[in-house]
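For the sequence shown, UniProt numbering assigns the number 1 to the initial residue and increments by one for each residue that follows. Ideal Cβ positions, reconstructed from N, Cα and C, are used throughout, including at glycine. Below is one structure, written out as structure tokens; the observations come after it.
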Amino acid sequence: MMISSSSRRSRTDNNSHYVVRNFSSDINNRATDNKSHYVARNFSSDDNNRATDNKSHYVARNSSSDDNNRATDNKSHYVARNSSSDDDNNNNNRSSVKSPWLMLPPSVKCGNMLYNFYNLAESKIERRRSTLEGEDIDAKFVGSSHGWIVVLNRRNHGLLLWNPITEVRINLPSLLTLPDPQINCCGIVSKLILSCSPDHDVDQCRAVMIFGPFERLAFCQPGRSTHWTPIGHLYWYDNLYWEAFDGDDYARRYTDCVYSTTRKLFFCYVMWRLECWDLGDLECPRICWSEIVRYTSGVASEQETMALSFTTGRYPEVSTQQFLVVAEQMNQLFLLNQHVCSRMGPDGAYRPHIYFGKYRGWDDKFPHQTFSFDVFKVDYISGKLIKTSVEGSLDGLAMFIGKNHSFSISTPTDHGLKSDCIYFTDINIHQPPAGSMFGGHDIGIYHCVTRTFSDCFYPRDTNKIKKIVPAPMWFTPNENTH
Numbered sequence: 001m002m003i004s005s006s007s008r009r010s011r012t013d014n015n016s017h018y019v020v021r022n023f024s025s026d027i028n029n030r031a032t033d034n035k036s037h038y039v040a041r042n043f044s045s046d047d048n049n050r051a052t053d054n055k056s057h058y059v060a061r062n063s064s065s066d067d068n069n070r071a072t073d074n075k076s077h078y079v080a081r082n083s084s085s086d087d088d089n090n091n092n093n094r095s096s097v098k099s100p101w102l103m104l105p106p107s108v109k110c111g112n113m114l115y116n117f118y119n120l121a122e123s124k125i126e127r128r129r130s131t132l133e134g135e136d137i138d139a140k141f142v143g144s145s146h147g148w149i150v151v152l153n154r155r156n157h158g159l160l161l162w163n164p165i166t167e168v169r170i171n172l173p174s175l176l177t178l179p180d181p182q183i184n185c186c187g188i189v190s191k192l193i194l195s196c197s198p199d200h201d202v203d204q205c206r207a208v209m210i211f212g213p214f215e216r217l218a219f220c221q222p223g224r225s226t227h228w229t230p231i232g233h234l235y236w237y238d239n240l241y242w243e244a245f246d247g248d249d250y251a252r253r254y255t256d257c258v259y260s261t262t263r264k265l266f267f268c269y270v271m272w273r274l275e276c277w278d279l280g281d282l283e284c285p286r287i288c289w290s291e292i293v294r295y296t297s298g299v300a301s302e303q304e305t306m307a308l309s310f311t312t313g314r315y316p317e318v319s320t321q322q323f324l325v326v327a328e329q330m331n332q333l334f335l336l337n338q339h340v341c342s343r344m345g346p347d348g349a350y351r352p353h354i355y356f357g358k359y360r361g362w363d364d365k366f367p368h369q370t371f372s373f374d375v376f377k378v379d380y381i382s383g384k385l386i387k388t389s390v391e392g393s394l395d396g397l398a399m400f401i402g403k404n405h406s407f408s409i410s411t412p413t414d415h416g417l418k419s420d421c422i423y424f425t426d427i428n429i430h431q432p433p434a435g436s437m438f439g440g441h442d443i444g445i446y447h448c449v450t451r452t453f454s455d456c457f458y459p460r461d462t463n464k465i466k467k468i469v470p471a472p473m474w475f476t477p478n479e480n481t482h
């Protein structure tokens, strides 16, 4: 029996979780453990006195006793705000939302590179002529956020933001500005998200990137920063995780990150733990808290539950990817588990690998495919971060996950979309071997109420699946979607 998790895999160069917290007075009851293994430095109320550790390029801070005194009223950015002005902003956002587009492989017409998008609401193809020049033409798209596409130059490891609608481009710091980029980065960007559109608020805009084979975290200010600033620790030192992974010096692999415009905070999911980051001060990024997300019962750990379900289930070789989705209108953060079977047959059953020898290798007759989702709400209950399973309805939401900045739409039917559904794209949890006839194909719509799947532009029938290069991803044609 083989159980794999996306948190243990290395993202490859070929491609490219859900806390909803209603911050209440319970936050005052949360225990503070200054000895926690995720802490690299103490954070005091005087940012100017922060310690400098020349031995590490990675920044991680823990709130000191001052955290116990932080305000929990509506003035605090840790507290969910329910003011009328926030409701007005949410209403304005809903009125300006456009239907997301599915970014398709590019095409060439009359010598011009065209980027193709599938407009979900109008069921039509939108085309935009490429304004990328020089080496950027051969670049790779590694993400999208707030109306911008993240472009990685595979030759010089340069990064930029490109808006295919306005044709504006904004340079980001090169990957070579990371510490030891040949070791820590290897030209891999798993995800890059923005706190807002840079042309909307350049002073407050922050970019957070999950990078490298060990999926670490870094941030910058688009258009202003000259280098990436890594944040977070590299390894677990807790005995629980040391034993769980056979004593390996196991890196903290971040699986997803998302930004809450209401709280002005980043939330990141790493190894069954949720981290909250305040990156408002470029010189003093700080971790507000980092806690393990527990089940409602508080009995079975996530890894134990996953092992039990996969062992007794019909899919013996499964990978799970976590996504975080913020529903700003509900002031809720969701955690999604996407379960992907490594080899799916036409009858919906797992197909075992067949080895044909050293010259032919393993067979490549069956594609990987998503077969299930788990959705959770995460709240503070009795001073603990608890996730509660969501069965059936998503309260009318439509969620969009993949290489993009994950987001939700509260009134999907107004935009030609389906409610209580998860729209997903392939992020290659199971990376097909070179020359494979599959890859980038795991795309569809998951209906949470009926627990069924339907096609989204591309077929899900395994007899009709073909390789899609590059893998499609969601794009929002305006910055107010999130």
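- Excluding residues up to 5 positions away in sequence, 341, 350, 371 lie with their Cβ nearer than 7 Å to the Cβ of residue 315 in the same chain.
- Bounds of any beta strand (DSSP E) do not take in residue 463, whose DSSP letter is neither H nor E.
- Its chain contains 351, 366, 462 as the residues whose beta carbon lies nearer than 8 Å to that of residue 345, once the 5 sequence neighbours on both sides are disregarded; these appear in chain order.
- Rounded to whole angstroms, the Cβ separation of residue 474 and residue 100 is 5 Å, and the two are in contact under 8 Å.
- Between residue 399 and residue 422 a beta carbon distance of about 5 Å is seen, short of the 8 Å cut, so the two are scored as contacting.
- Unbroken alpha helix (DSSP H) stretches of 4 residues or longer found wholly inside the region 338–420: none.
- With distances taken between CA atoms, residue 373 lies nearest to 318 out of 157, 280, 318.
- Straight through space, the alpha carbons of residue 260 and residue 383 are spaced by roughly 21 Å.
- By the neighbour-count criterion, in which 16 or more other beta carbons inside 10 Å mark a residue as buried, residue 215 falls on the buried side.
- DSSP places residue 177 within a helical segment (H, G or I) once states are collapsed to three.
- Per DSSP, the beta-bridge partners of residue 119 are 101, 124.
- Residue 469 is not bridged by DSSP to any residue.
- Beta-bridge partners assigned by DSSP to residue 327: 332.
- In the three-state reduction of the DSSP assignment, residue 183 falls in the helix class.
- Within the region 143–227, complete beta strand (DSSP E) segments of at least 3 residues are found at 148–152, 159–162, 169–172, 189–194, 207–211, 216–220, given in chain order.
- Here residue 439 carries a coil assignment [DSSP, helix/strand/coil].
- A straight-line Cα-Cα distance of about 11 Å links residue 418 and residue 410.
- Residue nearest to residue 375 within the set 428, 208, 323, 396 is 323 (criterion: CA-CA distance).
- For residue 403, same chain residues with a beta-carbon under 6 Å away, outside a window of 5 residues either side, are 16, 143, 427, 473 in chain order.
- In this structure, residue 140 and residue 155 do not form a Cβ contact; the two beta carbons are roughly 11 Å apart against a cut-off of 8 Å.
- Within the model, the alpha-carbon separation for residue 440 versus residue 145 is close to 20 Å.
- Residue 109 sits in a strand when the DSSP states are folded into three classes.
- Taken through DSSP and simplified to helix, strand or coil, residue 282 comes out as coil.
- Under the three-pair Cβ rule at 8 Å, the region 198–217 counts as touching the region 167–184.
- Remark: fewer than three beta-carbon pairs, one from each stretch, lie closer than 8 Å, so the region 106–120 and the region 190–199 are not flagged as touching.
- According to DSSP, residue pairing for residue 256 in a beta bridge involves 269.
- When rounded, the separation of the alpha-carbon atoms in residue 169 and residue 163 is 6 Å.
- In this structure, residue 127 lies away from residue 112, with their beta-carbon atoms at least 7 Å apart.
- When rounded, the separation of the alpha-carbon atoms in residue 460 and residue 454 is 7 Å.
- Between residue 385 and residue 469, the gap from beta carbon to beta carbon reaches 7 Å or more.
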